[in-house]
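In the numbering used here, the protein residues as written are 1 to 101.
C-beta: ideal position from N, C-alpha, C; glycine also.
What follows is a short report on a single structure.
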């Protein structure tokens, strides 16, 4: 992927999302719950596997462990994460949260 030296956050997010293997894989909330020990978290309609990130999370690994297996959108939004954090999350995205039947 060839990117210019300076790139807007939106353009970077688009570039990252087009290189992910299967970012649209639907994952149910029950699957997220079943992977609590694997540190799967749903945020904003996407599902992330944050196991590899938890030890370097600026807020500490305990907060990720606390919200693992849940839809943590409200908690994530309450903290007010910077745009850089939202862009960096793309590499941990494993799918999208399936709509409830």
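- Residue burial annotation: residue 74 is exposed, with fewer than 16 other C-beta atoms found within 10 angstroms of its C-beta.
- The beta carbon of residue 55 sits closer than 6 Å to those of 61, all from its chain and outside the five residues before and after it, given in chain order.
- Judged by DSSP secondary structure, residue 49 falls within the beta strand (DSSP E) whose first and last residues are 46-49.
- Under the DSSP assignment, residue 72 falls outside any beta strand (DSSP E); it carries neither an H nor an E label.
- When the beta-carbon positions are compared, residue 27 and residue 95 come within less than 8 Å of each other.
- DSSP places residue 60 outside both helix and strand once states are collapsed to three, so it counts as coil.
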